[in-house]
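Protein chains in written order, with the numbering used here: chain D, 182 to 354; chain W, 120 to 642. We put the CB at the ideal spot given by N, CA and C, even for glycine. What follows is a single structure, written as C-alpha cells, with notes after it.
If you want it as C-alpha cells, here you go:
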C-alpha cells in the first residue's frame, strides 16, 4: 500500500480495517473490543489509540499466532494507569513518529509485521520498549490460561506426578 | 525437642546459614553433642509449603535481597540485580538443587599440577585429595541416598532423558545414564521414591529429593543440641583483642539487632554472603575484613562454565514431565587438552517450564526467532552444561558501599568475566550438545546462555599456604583459629561436578574435626 493511498484515512477507519483483518478494534468511548466480541477492555487513563498500539506492540514483540488477543490484553492492561501514562504517551508517540517517517499514518496502520519490526529494531534500547518487553515475559507467559496453547501442563503434584501418567511415554525415538 | 540457647552462652558453635554446608554441619555437630545455634536469614518452608509454579515459587524461596554485578558476563546485563538463583530459607539451596551428586575426580583436586599454569588463571591444588575425601564422600552419599552408589538403583529415565540418551549413544558416548542423584529411586530414610512430578527446582513436595530442610535440620533439632533461628540475618562477626571471634550480631525477625556469643563461628552463607560477611566485619584490628590477611576473601569467584542446549523436534517430547535433571553424559568430564581447553564438563538433562523458558532461553530476545522456539515448547528437549571454570583473582565479590540492603548493610557486588578457557570449553560443549540432538533429528537447536548462577564457589578458598587462600584443609581460617568457612566458598577450584555432594562431604568432615578439636580443648 502506498503512502498516497493511506493519506486521508482517519484513524478510526484504519483501525476498523485493522479489525477487519482479524485483530482488535477500538470502539471508542474508552472501550476496546475484539472484532468477534470475545473480549473487551476499558481504558480510563490512556487513550484507546494508545492501548491499541500497545496491544499491537505486544504482539509484535512476542508474536504467537495461536495465542488470542485477549491474553495480550491481560498482559498490557496495567499500562492504563497514572504512573505509566507518561511512559506510554512518549513511547506510542515515538512509534507513530517513526511510522510517519516511514510513510505511514501511524504504527497501527502499518500492515506488515516486518515493517513494524523494522521500527522496533531502531527503538529496542529505549526504556519504553524494554519495559514493555520485560513486563511481557511474565505478563504473557505466566498466565496459566496461556500454557495449554503451548502444550505446557503446569503442576502435576495434585495428580500424583507423571509416574503413572507418561513421564517416559515417548514413542517416536 | 528444640534447644533454646541464651544469647550470652559463649559455649555454643554459631553456624551462619543452613544449606548443604551449614545445615549438615549443624546436624553433624549436634549429633556429637555439641551445642549449636544456627542462624538462618530466611524462613522455614517444608514440602507442604512448596509451590509447583515457577514464578510463585521463586517469590517464596529465592534470595532476592539486593546485589549488584559487573564484568562481561551476560548475567550482568540480563539479570543485573540477580547474579545468583539461590535460596533464602531453612535448608538453603538444598531446597532448589536438582540433586546431582558427583564426586570430584582425582585429577581435579590437583588442578595446578595436572593442568599446569594457565595464563590469567589463579589455579591452585587443593590441600586435600580424592583418597582423603573417599570415606567422607561415602558418608555423604549414604546421608543423601545417592542413586547408583551403595546398593541404590538408578532412577528411571523420562522422555527428556530418552532423547538425550539416544543422541549421546549415537555419537559414541559411553558414560550415559540417569545420573547419581540425591533423589530416591526407592523409599529411603523414611522418604518416598520419586513420583516423576517435575518441579525439582521448586522444592520436592514428596520429599523424595534430599534437602537439609526436612532431613538434617529436624534430625539435629531432635537431639536437643541444635537451635535454628529463622529470619536471623547476620550483620557482623565480632572478635576480642586477641583476634579470636567471640560472637555475631544479627538482625532478628523484627529487625532488632541481637548479639549471640560463641565459642566458634562457622560461616556458610554461600559464596556471595560468606565473603560479604567477612568483609562487612572489618574492624580496627582487621581493617580489610576478617580472615583476610591474604587479601583473598572474595577473590577467585567461580560459577562453573555453564550454558544450555535446547532443541526442537518434529514430534512431542514433553521434557517437563519427571525429574528435572534426569540424566548425564560424563565422557567429556575428562581432562584432555587436545580439545583446546583444560578441565572438562558434564552434560546433564534439564527442563524449564514455559514461564522460565520464556525468561531464560534467550534473555532479552524477542520477535519470531524467539517466539517460534516457544511455539514448539512441547517438542523441546534440553540439557545443561556444567564444567570447570578457571579461578581468576579479578573475578570477585566486593562490598558495594553505594547500595545497602534492608538492614543498611553494604551489598555484595559480583564481578565476573569469562576466562578464554571457559569460552573454549563452552563452545565445545555447545557443539557436542547440538550434535547429540541433531543425531536424533532435531530440526532446530538453541545454544542458550548461562542462567544466574547456582554453583557459587571459591570466594574463601582453601589453600595449603596462608598467602594463597582464606582457609586451611579443614575449612578453618588461616588467620583466626575459631572461625571456619563451611560452604562452597571453600572450593580451591571448581572441578566439573555439581558441588553439593562435595560441600556435604566437607561439612561432615569438618564437624568431625571441630568436635575433636573442641574435645581436645584446642579451640
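Excluding the five sequence neighbours on either side, which residues of its own chain have a C-beta within less than 7 Å of the C-beta of residue i, listed in chain order?
| i | result |
| --- | --- |
| residue 362 of chain W | 404, 599 |
| residue 342 of chain W | 149, 150 |
| residue 197 of chain W | 482, 483 |
| residue 202 of chain D | Only weak support is given to the placement of residue 202 of chain D: the predicted model assigns it a pLDDT of 40, under 50, and the question is left unresolved by the model. |
| residue 233 of chain W | 226, 454 |
| residue 312 of chain D | 268 |
| residue 237 of chain W | 461, 509, 540 |
Flag residue i as yes if its beta-carbon sits less than 8 Å from any beta-carbon of chain W, otherwise no.
| i | result |
| --- | --- |
| residue 203 of chain D | Caution is warranted here: a pLDDT of 43 is assigned to residue 203 of chain D, below 50, making its placement in the model unreliable, and the coordinate value is therefore given only provisionally. Chain W contact via Cβ: absent. |
| residue 269 of chain D | no |
| residue 245 of chain D | yes |
| residue 242 of chain D | yes |
| residue 354 of chain D | yes |
| residue 323 of chain D | yes |
| residue 351 of chain D | yes |
| residue 337 of chain D | yes |
| residue 316 of chain D | no |
| residue 344 of chain D | yes |
| residue 298 of chain D | yes |
Taking only heavy atoms of the ligand PLP into account, decide whether any of them is closer than 7 Å to the Cβ of residue i.
| i | result |
| --- | --- |
| residue 187 of chain W | Looking for the ligand PLP in the displayed structure turns up nothing, as the structure carries no ligands at all. |
Residue range of the alpha helix (DSSP H) that residue i falls in?
| i | result |
| --- | --- |
| residue 303 of chain D | 294-304 |
| residue 143 of chain W | 141-150 |
| residue 390 of chain W | 389-399 |
| residue 329 of chain D | 328-331 |
| residue 224 of chain W | Run containing residue 224 of chain W: none; DSSP gives neither H nor E here. |
| residue 126 of chain W | From DSSP, residue 126 of chain W is part of no alpha helix (DSSP H); its letter is neither H nor E. |
| residue 532 of chain W | Note, residue 532 of chain W: premise wrong, no alpha helix (DSSP H); beta strand (DSSP E) at 529-534. |
| residue 581 of chain W | From DSSP, residue 581 of chain W is part of no alpha helix (DSSP H); its letter is neither H nor E. |
| residue 235 of chain D | 229-242 |
Look at the alpha carbon of residue i and the alpha carbon of residue j, and state the distance between them as a whole number of angstroms.
| i | j | result |
| --- | --- | --- |
| residue 360 of chain W | residue 133 of chain W | 20 Å |
| residue 253 of chain W | residue 142 of chain W | 21 Å |
| residue 128 of chain W | residue 640 of chain W | 17 Å |
| residue 302 of chain W | residue 606 of chain W | 21 Å |
| residue 110 of chain W | residue 265 of chain D | There is simply no residue 110 of chain W to check, as chain W begins at 120 and stops at 642 in what is shown. |
| residue 259 of chain W | residue 262 of chain D | 54 Å |
| residue 282 of chain W | residue 436 of chain W | 8 Å |
| residue 406 of chain W | residue 412 of chain W | 10 Å |
| residue 225 of chain W | residue 538 of chain W | 23 Å |
| residue 634 of chain W | residue 602 of chain W | 14 Å |
| residue 448 of chain W | residue 278 of chain W | 16 Å |
| residue 329 of chain D | residue 327 of chain W | 28 Å |
| residue 597 of chain W | residue 401 of chain W | 16 Å |
| residue 194 of chain W | residue 250 of chain D | 32 Å |
| residue 439 of chain W | residue 152 of chain W | 43 Å |
Excluding five sequence neighbours on each side, which residues of the same chain lie with their C-beta closer than 6 Å to the C-beta of residue i?
| i | result |
| --- | --- |
| residue 297 of chain D | 241, 291 |
| residue 490 of chain W | none |
| residue 451 of chain W | 463, 464 |
Keeping to the same chain, check which residues put their C-beta closer than 8 Å to that of residue i; ignore five residues upstream and five downstream.
| i | result |
| --- | --- |
| residue 246 of chain W | 581, 582, 583, 591, 592, 611 |
| residue 300 of chain D | 276, 279, 280, 283, 288, 291 |
| residue 377 of chain W | 126, 351, 368, 369, 370, 371 |
| residue 168 of chain W | 179, 322 |
Establish whether the CB of residue i and some CB of chain D are separated by less than 8 Å.
| i | result |
| --- | --- |
| residue 192 of chain W | no |
| residue 368 of chain W | no |
| residue 324 of chain W | yes |
| residue 647 of chain W | What is shown of chain W runs 120 to 642, which leaves residue 647 of chain W out entirely. |
| residue 62 of chain W | Since the first residue shown for chain W is 120 and the last is 642, residue 62 of chain W is missing from the structure and cannot be characterised. |
| residue 440 of chain W | yes |
| residue 185 of chain W | no |
| residue 485 of chain W | yes |
| residue 428 of chain W | no |
| residue 474 of chain W | yes |
Since residue i is in the beta strand (DSSP E), which residue starts that stretch and which ends it?
| i | result |
| --- | --- |
| residue 520 of chain W | 515-523 |
| residue 566 of chain W | 563-567 |
(request) Anything in the segment 258-286 of chain W with a Cβ closer than 7 Å to a Cβ of chain C? List those residues in chain order, please. (result) Chain labels in this structure do not include chain C; the protein chains are D and W.
(request) Kindly confirm or deny that the segment 494-501 of chain W and the segment 368-384 of chain W touch, where touching means at least three C-beta pairs closer than 8 Å. (result) In short, these stretches do not touch, since the Cβ pair count stays below three.
(request) Give a yes or no on contact between the segment 314-322 of chain W and the segment 436-455 of chain W, applying the rule of three or more CB pairs nearer than 8 Å. (result) Judged by Cβ distances under 8 Å, the segment 314-322 of chain W makes contact with the segment 436-455 of chain W, as three or more pairs qualify.
(message) I'd like to know if the segment 566-579 of chain W and the segment 424-433 of chain W are in contact, where contact means that at least 3 CB-CB pairs between them fall below 8 Å.
(response) Segments in contact, yes.
(request) Indicate whether the contact test is met: 3 or more Cβ pairs, each with one atom in the segment 264-280 of chain W and one in the segment 235-251 of chain W, closer than 8 Å. (result) Fewer than three beta-carbon pairs drawn from the segment 264-280 of chain W and the segment 235-251 of chain W are found closer than 8 Å, and the two stretches are therefore not classed as touching.
(request) Report yes or no: do three or more beta-carbon pairs, one from the segment 290-302 of chain W and one from the segment 201-219 of chain W, lie closer than 8 Å? (result) The segment 290-302 of chain W makes contact with the segment 201-219 of chain W; the number of CB pairs closer than 8 Å reaches 3 or more.
(message) For the segment 502-519 of chain W against the segment 323-335 of chain W, do three or more pairs of beta-carbon atoms, one drawn from each stretch, fall closer than 8 Å, so that the two count as touching?
(response) Fewer than three Cβ pairs drawn from the segment 502-519 of chain W and the segment 323-335 of chain W lie within less than 8 Å of each other, which leaves the two stretches out of contact.
(request) Please determine if the segment 553-565 of chain W and the segment 521-531 of chain W are in contact, where contact requires at least 3 C-beta pairs separated by less than 8 Å. (result) Too few Cβ pairs lie closer than 8 Å, so no.
(request) Give a yes or no on contact between the segment 414-421 of chain W and the segment 162-169 of chain W, applying the rule of three or more CB pairs nearer than 8 Å. (result) Using a C-beta cut-off of 8 Å, the segment 414-421 of chain W makes no contact with the segment 162-169 of chain W, since fewer than three inter-stretch Cβ pairs fall below that distance.
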